[in-house]
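Participant: For the sequence shown, this note's numbering assigns the number 1 to the initial residue and increments by one for each residue that follows.
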Amino acid sequence: MEKETVFFGIDDYMALYTSYIKRAEARELAQCYVVGLMMDGDRKSVEPMSEKVHASERGMQRLLTEVKWDRDGAFGEYRRRMLAETADPQGALLIDDTRFPKKGRHSVCVARQYCGSLGKVDNCQIGVSLTYVGQEFAWPYAMELFVPQSWDNPDDPECVDMRKKTYMPADVHHRAKWQMALDLIDQARSDGAPHRAVVADS
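1) Label arginine 189 either buried or exposed according to how many other C-beta atoms from any shown protein chain fall within 10 Å of its C-beta, with 16 as the threshold for buried.
2) Looking at phenylalanine 146 and valine 133, is the spacing between their C-beta atoms short of 7 Å?
3) Would you give the residue range spanned by the alpha helix (DSSP H) that aspartate 97 belongs to?
4) Since alanine 193 and leucine 83 are thought to touch, with beta carbons under 8 Å apart, how far apart are those beta carbons, to the nearest angstrom?
5) Does the Cβ of leucine 118 have 16 or more other Cβ atoms within 10 Å, making it buried, or fewer, making it exposed?
6) Under 8 Å by Cβ, that's how I've got leucine 16 and glutamate 77 pegged, so tell me the actual separation to the nearest angstrom.
7) Output the distance between the C-alpha atoms of leucine 184 and valine 53, rounded to the nearest integer angstrom.
8) Phenylalanine 100 to arginine 112, Cα distance in whole Å?
9) Which residues bound the alpha helix (DSSP H) around threonine 65?
10) Alpha carbons only, please: which of Arg196, Arg27, Gly73 is nearest the one belonging to alanine 87?
11) Let me know the beta strand (DSSP E) ranges lying completely inside the region 101–177, each 3 residues or longer, listed in chain order.
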């Protein structure tokens, strides 16, 4: 199935963010990657996704590990556009963590930790997330990947090797989830997201 037939309007949507990815090839691969994430199927690793969208597996792997792009600029653009269309002075900032089960241990920051969607301790990634909720809408505002302590031990050769293999930036370290949550709230307030309350799961 060609990616052009999968999602109407994907070209126009992705065009909003092209200025944050410098190389034309990388922009095309980024669009293929987004389409692959939204297509049917449980396997969201590079190999099956690249086959579905008829993209180069090698190129898509480079997109995730080597291509430089303006992350803060792209996410800032997303938040500005969403706030321009949906904002509610009576809204709320909802803090939670989102867990992504993983079958292996080769994805960045995967560790054996409690996974709510599975109801047990298993391999998973955890993202600390902020959702903006209004009377007539709810949308994902921001998310940061939680770094387990096992991924931030420079004295552990296995940890050093895992960080190297997953191209993890040297300045990314373990932080408590509550600290990450406060940073997300500060970001929303800095953006001027109107809200009446901040709520979180206990």
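Cβ atoms here follow ideal geometry from the backbone N, Cα and C, with glycine treated the same way.
Facilitator: Reading it off the structure:
1) Around the beta-carbon of arginine 189, fewer than 16 other beta-carbon atoms lie within 10 Å, marking it exposed.
2) Contact flag unset, no.
3) For aspartate 97, there is no enclosing alpha helix (DSSP H); the residue is found in the beta strand (DSSP E) stretching over 92–101.
4) Going by Cβ atoms, the distance from alanine 193 to leucine 83 rounds to 6 Å, so yes, they are a contact pair.
5) Burial call: exposed.
6) The C-beta separation of leucine 16 from glutamate 77 comes to about 7 Å, placing the pair in contact by the 8 Å criterion.
7) Spanning the alpha carbons of leucine 184 and valine 53 requires a straight line of approximately 33 Å.
8) Rounded to the nearest angstrom, the two C-alpha atoms are 12 Å apart.
9) It spans 57–65 - the alpha helix (DSSP H) in which threonine 65 sits, taken as one unbroken run.
10) Here the closest residue by C-alpha is Arg196.
11) The region 101–177 contains these whole beta strand (DSSP E) runs: 111–115, 120–133, 138–145.
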